[in-house]
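Enquirer: The opening position of the sequence shown corresponds to residue 4 in my numbering, with each subsequent residue numbered one higher.
Note that beta-carbon positions come from the ideal geometry of N, C-alpha and C, so glycine has one too.
Questions regarding the structure given below will be posed in turn.
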Amino acid sequence: MPTFTLRPTRESDIHALHAIHVHYVANTVSTFAIEPTPVEKLLASFHGLRSLGLPYIVAVDAAADENAAAPAILGSIYVAPFRGAKGAYRHTVEFSLFCHPEHKGEGVGTALLTRLLAVLRDPEEWGEEWIGAGWRGEEGRIRQVIGCMALDEGGKNGGWGLKEWYGRFGFEQVGHLKGVGKKFGRWIDTVYLQLSL
């Protein structure tokens with residue numbers, strides 16, 4: 004099991020994150036994407052989220068050379084505005100979490116989600132590289148975190164194991180949409196989870 008460090012995502016991480024994305028698109032229902040997003044679009048999304056000052060965090064293999072052209076990324080987590088740019092949702096975000104397929108079950112996801120929630124709960128304790136100034140103070144603070152998970156029948160407990168894992172962090176199920184996605188020839192449910200900060 005590798006040791007890893009957590010840090011804000013850098014532009015140089017995007018190619019490694021794209022490789023992880025390609026795996027999940029091709030092999031899982033964790034994302035409903037059928038075709039991988041081009042790396043240029045992932046890069047633009049990264050810049051867009053960072054320009055908003057939202058957290059985007061990676062887990063990096065501590066044994067890897069930090070100055071390598073392609074860092075050894077073990078996973079990532081970020082938040083995006085919930086339901087786009089609709090102003091009334093300003094204090095609500097939706098998170099996305101992905102671990103490198105060779106490092107699932109090694110504590111990477113737990114560490115990433117724990118750090119993200121710490122940054123969101125106490126933004127004043129973290130530097131601008133973690134969360135922008137616009138998200139600090141009573142008027143800026145993020146209050147709700149939403150997660151949307153695909154119910155993968157092939158997963159632990161018929162897919163419900165992931166919901167139980169999120170429950171350890173305080174997330175509660177607030178919705179269940181049946182048969183809303185079709186991938187690999189089967190209909191897939193999604194479950195919405197919510198955490199009040």
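With respect to the alpha helix (DSSP H) encompassing Y92, which residues constitute its N-terminal and C-terminal limits?
Expert: From DSSP, Y92 is part of no alpha helix (DSSP H); its letter is neither H nor E.
Enquirer: Less than 8 Å between the CB atoms is what I'm expecting for L46 and E14, so what's the real figure, rounded?
Expert: 7 Å
Enquirer: Is L120 helix, strand or coil when you go by DSSP?
Expert: helix
Enquirer: Under 7 Å Cβ to Cβ from D64, same chain only, skipping five residues before and after it: list those, please.
Expert: P5, F7, A75, L77
Enquirer: Buried or exposed, going by whether 16 or more other CB atoms sit within 10 Å of the CB of D125?
Expert: exposed
Enquirer: Distance check for T12 and Y59, CA to CA, integer angstroms please.
Expert: 6 Å
Enquirer: Under a three-way DSSP split, which group does S199 fall into?
Expert: strand
Enquirer: According to DSSP, is K159 helix, strand or coil?
Expert: helix
Enquirer: When you compare each of Y27, K107, T31, I149 to A62 by their alpha carbons, which one comes out closest?
Expert: Looking at the Cα atoms, K107 is the closest of the given residues.
Enquirer: When the Cβ atoms of the segment 132–140 are set against those of the segment 169–177, are three or more pairs found closer than 8 Å?
Expert: No, the segment 132–140 is not in contact with the segment 169–177.
Enquirer: Apart from the five residues on each side of it in sequence, which residues of its chain come closer than 6 Å, Cβ to Cβ, to M152?
Expert: L165, V194
Enquirer: Would you say the beta carbon of W138 comes nearer than 7 Å to a heavy atom of the ligand COA?
Expert: What this structure holds is no ligand at all, so the ligand COA is not there to describe.
Enquirer: Taking the alpha carbon of K186 as the point to measure from, which residue in A114, F35, R86, R10 has its own alpha carbon closest?
Expert: F35
Enquirer: From the DSSP output, which residues share a beta bridge with Y27?
Expert: For Y27, which the question treats as bridged, DSSP gives no partner whatsoever.
Enquirer: For a test of the three-state rule: what should DSSP assign to W129, helix, strand or coil?
Expert: coil
Enquirer: Hey, could you find the ends of the alpha helix (DSSP H) S54 is sitting in?
Expert: DSSP places S54 in the uninterrupted alpha helix (DSSP H) bounded by 42–54.
Enquirer: Start and end of the alpha helix (DSSP H) containing E142?
Expert: Counting along the chain, the alpha helix (DSSP H) containing E142 begins and ends at 140–143.
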